[in-house]
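Residue numbering for the sequence shown follows the working numbering, starting at 256 and increasing by one per position. Here a beta-carbon is modelled for each residue, glycine too, at the ideal position from N, C-alpha and C. Keep in mind that this is a model prediction, so the values were computed, not measured. Following: one structure in structure tokens, then a few remarks.
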Amino acid sequence: MTTTVLPTDPPPQLHQAVAEAVRLLQQGEVVALPTETVYGLAADALNPAAVAKIFAAKERPTFDPLIVHLPDKKLLDTVAEVPPEIQKAVIQLIERFWPGPLTLILPKKACVPDLVTAGLPTVAVRVSANPVFKRVIQALGRPLAAPSANRFGSISPTSAGAVVAELDGRIPLIVDGGACMHGLESTILKVEAATPKNLLTILRPGPITVEDLKVYGRVQRVTRSVVDEATEAPGQLASHYAPRTPLRLLAKPSDFTPEPGKRYALMSFRGEEKDGYLGLTDWAQVLVLSPGSGKLPEAAVRFFYVLRELDKLGVDEIIAEPMLEHGMGTAMMDKLRRAAVKP
Ligand code: TXA
Ligand code: MG
Numbered sequence: 256m257t258t259t260v261l262p263t264d265p266p267p268q269l270h271q272a273v274a275e276a277v278r279l280l281q282q283g284e285v286v287a288l289p290t291e292t293v294y295g296l297a298a299d300a301l302n303p304a305a306v307a308k309i310f311a312a313k314e315r316p317t318f319d320p321l322i323v324h325l326p327d328k329k330l331l332d333t334v335a336e337v338p339p340e341i342q343k344a345v346i347q348l349i350e351r352f353w354p355g356p357l358t359l360i361l362p363k364k365a366c367v368p369d370l371v372t373a374g375l376p377t378v379a380v381r382v383s384a385n386p387v388f389k390r391v392i393q394a395l396g397r398p399l400a401a402p403s404a405n406r407f408g409s410i411s412p413t414s415a416g417a418v419v420a421e422l423d424g425r426i427p428l429i430v431d432g433g434a435c436m437h438g439l440e441s442t443i444l445k446v447e448a449a450t451p452k453n454l455l456t457i458l459r460p461g462p463i464t465v466e467d468l469k470v471y472g473r474v475q476r477v478t479r480s481v482v483d484e485a486t487e488a489p490g491q492l493a494s495h496y497a498p499r500t501p502l503r504l505l506a507k508p509s510d511f512t513p514e515p516g517k518r519y520a521l522m523s524f525r526g527e528e529k530d531g532y533l534g535l536t537d538w539a540q541v542l543v544l545s546p547g548s549g550k551l552p553e554a555a556v557r558f559f560y561v562l563r564e565l566d567k568l569g570v571d572e573i574i575a576e577p578m579l580e581h582g583m584g585t586a587m588m589d590k591l592r593r594a595a596v597k598p
């Protein structure tokens, strides 16, 4: 199969790309689309044959459920039930965060194929804020299942070029909407009724942070074992997001002693000499997430790109500096820990 990449700028190109994406999706094909988090590989969520093509292109096991994207938040009840005891909280959350990088886990409606939810009684739903994604899904007028547009277990793509590297020859179309605004996948949240405050469980940390959520309830994070993950959040396998090159996450500079003859590359947070990592060895390459300032949202935008570039070098090991574990640092540290687990 030949993979076409269509630009979305200037506007006549945008209209062409949107029309072509809608045409293919209506035919039950898969299309890679930009979202505000990462690129997604989309198909008509209510068409099991189309959804099956997502699993095939990604080589994704069918126990790993997909996120359903809606054209508009008003359509939530077409795919999910909102239990009365959490209705108020859910309405508040979607009023505040949709469209945006928040995915909610809710009981599913019968129209959602079991293939989408991996047989679970719940469905993961969100509404994307990306202008290109919005145009496509609103023109189509149907929900889209869309996981990240990478091969299963690989690094999520945050540019059309990264999707080409992952899925060239396996899908008919990539719509190039430029770089993704957040650069990390959506926060996945489960809401449960409790007194005096509802319980909000973060199943996957992302751009919507604990700090953003805590006014809506008591927030907890789950750190799961691989066994639990296989049942409750099946896609959150410990060895996710792995580069092919072994990766080690340091807690402090003195944790690293280079072995003679080995080549190392450094993923540096802000590239400052005084942090103590730059001088540890003669690095084959140093890539910096947020040069100088060390701003977490900037680091997040560059995170998967930097990981992908470091993985191309063919070094013996990628060494990662730790980041602050607040805001988007929580999600990046989570991904680094998962990348560091040997599959
Ligand atoms: O930002 C995002 O969420 C991106 C863009 C494309 O929207 N999508 C994304 O999809 O990251 P994916 O498939 O790479 O990750 C979705 C994860 C699954 O791996 C799984 O852990 C979780 O969502 N998930 C899906 N349905 C679930 C459910 N019913 N219960 C618990 N977790 C679920
Ligand atoms: Mg993914």
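Residue closest to Thr-536, alpha-carbon to alpha-carbon, out of Tyr-560, Phe-524, Leu-591, Ile-573: Ile-573
Alpha carbon of Ala-485 to alpha carbon of Glu-580, nearest angstrom: Note that Ala-485 scores 45 on pLDDT, short of 50, meaning its location in the model is unreliable; the coordinates nonetheless yield the value given after this. Taking the straight line joining both Cα atoms gives about 25 Å.
8 Å contact criterion, which Pro-462 and Leu-279 should meet: CB distance rounded: With 8 Å as the limit, Pro-462 and Leu-279 do not qualify as a contact, their Cβ atoms being about 28 Å apart.
Local Cβ density within 10 Å of Thr-292, reported as buried at 16 or more and exposed below that: buried
Ala-434 to Pro-412 span [Cα, whole Å]: 9 Å
Proximity test, Gly-432 beta-carbon vs the ligand TXA heavy atom, cut-off 7 Å: no
Stretch pair the stretch 458–476 + the stretch 353–361: three plus CB contacts closer than 8 Å: yes
For Arg-473, the first and last residue of its enclosing alpha helix (DSSP H): Not the alpha helix (DSSP H): Arg-473 falls in the beta strand (DSSP E), residues 473–476.
DSSP-derived helix/strand/coil call for Lys-364: coil
Span separating the alpha-carbon of Glu-284 from that of Ala-298: 6 Å
heavy atom of the ligand MG below 7 Å from Ser-383 C-beta: no
Residues of its chain near Leu-422, where Cβ-Cβ distance is below 8 Å and the 5 sequence neighbours each way are ignored: Thr-258, Ala-287, Leu-296, Ala-312, Lys-313, Ala-404, Asn-405, Arg-406, Ile-429
Helix, strand or coil at His-324 according to DSSP, with G and I counted as helix: strand
Met-522 - partner residues in DSSP beta bridges: Leu-542, Ala-575
DSSP beta-bridge partners of Ile-429: Val-260, Ala-287
Three-state class that DSSP yields for Glu-447 in the structure shown: strand
Span of the alpha helix (DSSP H) around Val-391: 386–395
CA nearest to the CA of Asp-589, picked from Ser-545, Leu-568, Leu-504: Leu-504
Through-space distance from Pro-289 to Ala-384, alpha-carbon basis: 10 Å
Environment of Ser-545 [buried if 16+ CB atoms lie within 10 Å]: buried
Backbone secondary structure at Arg-593 - three-state DSSP: helix
Supposed contact pair Pro-262 and Asp-431 - C-beta distance, whole angstroms, cut 8 Å: 5 Å
Entirely enclosed beta strand (DSSP E) segments - the stretch 288–312, minimum 3 residues: 295–299
Continuous alpha helix (DSSP H) stretch holding Ala-379: start and end: Looking at the DSSP string, Ala-379 is not in any alpha helix (DSSP H); the run it does join, the beta strand (DSSP E), is 377–381.
Residue environment, Gly-516, which counts as buried when at least 16 other CB atoms sit within 10 Å: exposed
Coil, strand or helix - Arg-459 by DSSP: strand
Beta-carbon separation (whole angstroms), Leu-439 vs Met-583, contact threshold 8 Å: 6 Å
Straight-line gap, Val-371 to Val-334 (C-alpha atoms, nearest Å): 11 Å
Proximity to Pro-316 [Cα-Cα], best of Val-323, Pro-402, Ala-272, Ala-394: Pro-402
Span separating the alpha-carbon of Val-277 from that of His-270: 11 Å
Glu-291 CB to nearest heavy atom of the ligand MG below 7 Å: no
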